[in-house]
Amino acid sequence: ENLEAYSEKAKSGEDIGNWHVYGGDRDPSVPQGRLLFLGSDCCGLNGGISLEFYGRFVGVAPEAHALR
10 ENLEAYSEKA KSGEDIGNWH VYGGDRDPSV PQGRLLFLGS DCCGLNGGIS LEFYGRFVGV
70 APEAHALR
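In the numbering used here, each number is its position in the sequence shown, counted from 1, plus 9.
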């Protein structure tokens with residue numbers, strides 16, 4: 010239910026994605042990830058700025074995947 014509402018809202022926006030800046034000490038040939046977090050404002054899922062006061066980590070337990 011929440012995912013459908015988010016998806017519809019996301020489709021009406023400008024851009025959705027995960028932009029990974031390669032450069033400096035990052036090697037694009039090595040698999041890397043970015044820590045994503047939920048912000049408290051309209052930005053929603055974020056990973057491009059510092060995680061200070063407003064973020065909350067989101068995780069899915071392995072057991073939840075097994076129940077699908």
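Beta carbons: idealized from backbone N, C-alpha and C, even for Gly. Every value quoted in this text rests on a predicted model; they were computed, and no experiment measured them.
Quiz item: Does DSSP put S16 in a helix, in a strand, or in coil?
Solution: DSSP places S16 in helix when its eight states are reduced to three.
Quiz item: At what residues does the alpha helix (DSSP H) containing P71 begin and finish?
Solution: Per DSSP, P71 belongs to the alpha helix (DSSP H) from 71 to 76.
Quiz prompt | Between the CA atoms of E13 and E72 - distance to the nearest angstrom | solution = Rounded to whole angstroms, E72 to E13 spans 23 Å at the Cα level.
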